[in-house]
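Number of protein chains: 2
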Amino acid sequence: MQFTSERSLGDAVVERAFTLGDVPGILWTPASASAPTPVILLGHPGGLDKMYPRLAARARHSAAQGFAAATIELPGSGDRPRSAVAEEARADLRRALAAGEPVTDDIVDRLVLPLVDRAVPEWRTLVDALLALPEIDGPVGYSGGVISIGTRLAVAEPRIAAAVLFAGSFVPRAVYEEARDVTIPLHVLLQWDDKGNDRQAALDLFDAFGSKEKTLNANMGGHTGVPQHAGDAAAAFFDRHLKPGGASWRGPVE
Amino acid sequence: MQFTSERSLGDAVVERAFTLGDVPGILWTPASASAPTPVILLGHPGGLDKMYPRLAARARHSAAQGFAAATIELPGSGDRPRSAVAEEARADLRRALAAGEPVTDDIVDRLVLPLVDRAVPEWRTLVDALLALPEIDGPVGYSGGVISIGTRLAVAEPRIAAAVLFAGSFVPRAVYEEARDVTIPLHVLLQWDDKGNDRQAALDLFDAFGSKEKTLNANMGGHTGVPQHAGDAAAAFFDRHLKPGGASWRGPVE
Numbered sequence: 028m029q030f031t032s033e034r035s036l037g038d039a040v041v042e043r044a045f046t047l048g049d050v051p052g053i054l055w056t057p058a059s060a061s062a063p064t065p066v067i068l069l070g071h072p073g074g075l076d077k078m079y080p081r082l083a084a085r086a087r088h089s090a091a092q093g094f095a096a097a098t099i100e101l102p103g104s105g106d107r108p109r110s111a112v113a114e115e116a117r118a119d120l121r122r123a124l125a126a127g128e129p130v131t132d133d134i135v136d137r138l139v140l141p142l143v144d145r146a147v148p149e150w151r152t153l154v155d156a157l158l159a160l161p162e163i164d165g166p167v168g169y170s171g172g173v174i175s176i177g178t179r180l181a182v183a184e185p186r187i188a189a190a191v192l193f194a195g196s197f198v199p200r201a202v203y204e205e206a207r208d209v210t211i212p213l214h215v216l217l218q219w220d221d222k223g224n225d226r227q228a229a230l231d232l233f234d235a236f237g238s239k240e241k242t243l244n245a246n247m248g249g250h251t252g253v254p255q256h257a258g259d260a261a262a263a264f265f266d267r268h269l270k271p272g273g274a275s276w277r278g279p280v281e
Numbered sequence: 028m029q030f031t032s033e034r035s036l037g038d039a040v041v042e043r044a045f046t047l048g049d050v051p052g053i054l055w056t057p058a059s060a061s062a063p064t065p066v067i068l069l070g071h072p073g074g075l076d077k078m079y080p081r082l083a084a085r086a087r088h089s090a091a092q093g094f095a096a097a098t099i100e101l102p103g104s105g106d107r108p109r110s111a112v113a114e115e116a117r118a119d120l121r122r123a124l125a126a127g128e129p130v131t132d133d134i135v136d137r138l139v140l141p142l143v144d145r146a147v148p149e150w151r152t153l154v155d156a157l158l159a160l161p162e163i164d165g166p167v168g169y170s171g172g173v174i175s176i177g178t179r180l181a182v183a184e185p186r187i188a189a190a191v192l193f194a195g196s197f198v199p200r201a202v203y204e205e206a207r208d209v210t211i212p213l214h215v216l217l218q219w220d221d222k223g224n225d226r227q228a229a230l231d232l233f234d235a236f237g238s239k240e241k242t243l244n245a246n247m248g249g250h251t252g253v254p255q256h257a258g259d260a261a262a263a264f265f266d267r268h269l270k271p272g273g274a275s276w277r278g279p280v281e
């Protein structure tokens, strides 16, 4: 992890850009932290520049809770090389949507599965790099979309203690099977009237998760209209699971 | 409203039993309140004596938030006269469940609709009586089941400003139509693996509610296993909507 720039967001947060190999990313740490803090991985649909305002707002909230936050660019997004398979699947998706045709499993598989296959090892490398920093101690949380990436990470990466998953993207059938192997506490956000999202698929995925503690928090307001109180509830979930002394804290990552 | 007894629950809550005509009820008020407080109506499936421990626990939480809480016995429950129609419907329900047969709309209608018809005017009379007390000022919240009673009340009683509805009971088809006329903010609790409850029916009812602000909070743990954090989220909902200065407070009841 090579830091490439640093600046302060107000008095509360230090923001550092970094590269992890050839993958760009951003780390936000609470300016006031006197001890190593847990960290939340901020998931997103790709395109750090476009997503930056919302990611920075989420990171500010995490810092106010005493958590660091970090994210990396997704494969095929931002300045990273495009994937021919994903671009073709995206074109097929646009054609299907424009024609009012159903989005086939084949399109979803080609769009999402290679992305998950490539992204998850990168996010695991991010966890390695974060936990090597003196200012980060774990436990590690994951928050956001792409829900198929969050699901795979929750199964593959034992250092992730709890996850807030945003159910707002296409989910390959294979991911429903992976969901059964998730055991960590989950807080799943669903925007009930998200026109671009398949609500029944999201409910099926919530049902499939193997976790004993899982909460579905569904609200009105469209894809980007997650209400403030839903953000507060997600923050309370991380308080319980990531904070030393939180009701469900499992201890620092070893 | 005739008070029949009074006692303290610890230092924090004053509990008073009352009768409203021939309907028994309980009022809990925060012992420390120096000004009139909002009040939450505590819904339940009937049988105050059996429900008392859980109702008193909910009332203690409401008092800790600065809210009074009140409940009355349902028609046909506790010491109140049984309804022949409801008893027959309940026997038919038991037979259907024992035989593994579907619970028909006819059974649900006979079980629930006469109960809603009789209960709702009584709860509205309770609102009249509560708001006449010097220690209660409104706004008024409703919290709990029977969800068909809560739905009808939310439409019929304009002094109810916000409701936490527990989706855990049979819902007549007619109530889905009433749900479209609900406009107050709703926080709907669903126990995802509640074996005696029809999950799809609960999701359909949530979808039907006309409210612009509605949250579905679904958790694991069976019918009576609502987790502490879900209670906390419901309390935060009432903080926003019933407390002076809360984010969505509409002002006291006139």
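Line by line, the protein sequences give chains R and E.
Take 28 as the starting number for the first sequence in the numbering used here and just add one per residue.
Take 28 as the starting number for the second sequence in the numbering used here and just add one per residue.
C-beta: ideal position from N, C-alpha, C; glycine also.
Exercise for review: Note down the Cα distance separating E:Val198 from E:Gly171, rounded to an integer number of angstroms.
Suggested key: Their Cα atoms are separated by approximately 14 Å.
Practice item. Would you grab the beta carbon distance between R:Ala95 and R:Ile187 for me? Rounded to a whole angstrom, and I think it's under 8 Å. Key: The pair is not a contact, with the Cβ atoms about 14 Å apart (cut-off 8 Å).
Exercise for review: Whole angstroms is fine: what's the gap from R:Pro166's alpha carbon to R:Leu269's?
Suggested key: 6 Å
Check your understanding: What do you get for E:Leu243, buried or exposed, if any count of 16 or more other CB atoms within 10 angstroms of its CB means buried?
Key -> buried
Review point. What is the DSSP secondary structure of E:Lys239, reduced to helix, strand or coil?
Key: In this structure, DSSP gives E:Lys239 a state outside helix and strand, which the three-state scheme calls coil.
Review point. Whose C-alpha, out of E:Phe236, E:Lys241, E:Phe233 and E:Asn246, is nearest the C-alpha of R:Lys239?
Key: E:Asn246
**Study point:** E:Arg200 beta carbon less than 9 Å from that of E:Asp136
**Key:** The answer is yes: Cβ separation under 9 Å.
Check your understanding: Which ranges does the alpha helix (DSSP H) cover as unbroken runs of at least 4 residues, wholly within the stretch 83 to 126 of chain E, from first to last along the chain?
Key -> 111 to 125
Practice item. Spell out whether any CB of chain E is found under 9 Å from the CB atom of R:Asp119. Key: no
Practice item. May I have the straight-line CA-CA distance separating R:Ala263 from E:Pro108, to the nearest angstrom? Key: 45 Å
Check your understanding: Expressed to the nearest angstrom, what Euclidean distance is found between the alpha-carbon atoms of E:Leu75 and E:Thr98?
Key -> 9 Å
Practice item. Kindly give me the distance between the Cβ atoms of E:Asp31 and E:Ala44, rounded to whole angstroms, as I take these residues to be in contact under 8 Å. Key: Reading the sequence as shown, one finds Thr at residue 31 of chain E and not Asp. Between the beta-carbon of E:Thr31 and that of E:Ala44 there is about 5 Å, and that keeps the pair under the 8 Å contact cut.
Practice item. Return no unless some Cβ of chain R is closer than 9 Å to the Cβ of E:Phe265. Key: no
Review point. Any C-beta of chain R sitting closer than 9 Å to the C-beta of E:Glu240?
Key: Chain R, which has a Cβ nearer than 9 Å to the Cβ of E:Glu240, makes this yes.
Check your understanding: What residues from the stretch 246 to 266 of chain E come within 8 Å of chain R, judged by C-beta to C-beta, listed N to C?
Key -> Asn246, Met247, Pro254, Gln255, His256, Ala257, Asp259, Ala260, Ala263 and Phe264
Check your understanding: Less than 9 Å separating the beta-carbons of R:Leu111 and R:Pro57?
Key -> As written in the sequence, residue 111 of chain R is Ala, which differs from the Leu given in the question. It is not a contact, given that the beta carbons lie outside the stated cut-off.
Point to revise | Backbone CA spacing between R:Gly19 and E:His256 [nearest angstrom] | key: The structure shown has nothing for residue 19 of chain R, since chain R only spans 28 to 281.
Check your understanding: Under a CB-based cut-off of 9 Å, is E:Asp155 close to chain R?
Key -> no
Check your understanding: What residues in the stretch 219 to 236 of chain E bring their beta carbon closer than 8 Å to a beta carbon of chain R?
Key -> Trp219, Leu230, Phe233 and Asp234
Check your understanding: For the stretch 134 to 164 of chain E, which residues have a beta carbon sitting closer than 8 Å to at least one beta carbon of chain C?
Key -> In summary, chain C is missing from the structure at hand, where the protein chains are R and E.
Practice item. With a cut-off of 8 Å on the beta carbons, I'd call E:Val202 and E:Gly237 a contact; round off their distance for me. Key: Between E:Gly237 and E:Val202 the Cβ distance is about 13 Å, and since that is not below 8 Å, they are no contact.
Exercise for review: Give the residues from the stretch 178 to 190 of chain R that approach chain E closer than 7 Å (Cβ to any Cβ), ordered along the chain.
Suggested key: For the stretch 178 to 190 of chain R, which is checked against every Cβ of chain E, not one residue is closer than 7 Å.
Point to revise | Buried versus exposed call for R:Ala84 [16 or more other C-beta atoms within 10 Å across all chains shown] | key: The residue is exposed, with fewer than 16 neighbouring Cβ atoms inside 10 Å.
Point to revise | Complete runs of the beta strand (DSSP E) confined to the stretch 209 to 263 of chain E [at least 3 residues] | key: Listed in chain order, they are 213 to 218 and 241 to 246.
Check your understanding: Taking buried to mean at least 16 other C-beta atoms within 10 Å of its own C-beta, is E:Glu281 buried or exposed?
Key -> Confidence in E:Glu281 is poor, its pLDDT being 47 and thus under 50, which makes the residue's placement unreliable; the coordinate value appears in the next sentence. Per the 10 Å Cβ criterion, exposed.
**Study point:** Residues bridged to R:Trp55 (per DSSP)
**Key:** R:Glu42 and R:Ala96
Exercise for review: Would you identify the three-state DSSP class for E:Phe197, choosing helix, strand or coil?
Suggested key: Coil at E:Phe197, not helix or strand.
Exercise for review: Give the C-beta separation of R:Val173 and R:Glu205 to the nearest angstrom, bearing in mind that I take them to be a contact with Cβ-Cβ under 8 Å.
Suggested key: That belief does not hold up - the Cβ atoms of R:Val173 and R:Glu205 are roughly 13 Å apart, past 8 Å.
Review point. Based on the DSSP secondary-structure assignment, which residues constitute the bridge partners of E:Val167?
Key: E:Val66 and E:Ile187
Practice item. Along the beta strand (DSSP E) that carries R:Arg34, what are the first and last residues, could you check? Key: Gln29 to Leu36
Practice item. Put R:Leu192 into one of helix, strand or coil per three-state DSSP. Key: strand
Check your understanding: If you run the structure through DSSP and keep just helix, strand and coil, what is R:Val182?
Key -> helix
Practice item. State yes or no: is the beta carbon of E:Leu243 nearer than 9 Å to at least one beta carbon in chain R? Key: yes
Practice item. Would you kindly work out how many angstroms separate the C-alpha atoms of R:Leu216 and R:Thr251, rounded to a whole number? Key: 12 Å
Review point. So is R:Gly68 in contact with chain E if we call contact Cβ pairs under 9 Å?
Key: The question names Gly, but residue 68 of chain R in the sequence shown is Leu. Cβ-Cβ to chain E under 9 Å: no for R:Leu68.
Exercise for review: Please look up how many angstroms separate the CB atoms of E:Gly103 and E:Ala60, rounded, as I've assumed it's under 8 Å.
Suggested key: In fact, because the Cβ distance is near 34 Å, the residues do not count as touching under 8 Å.
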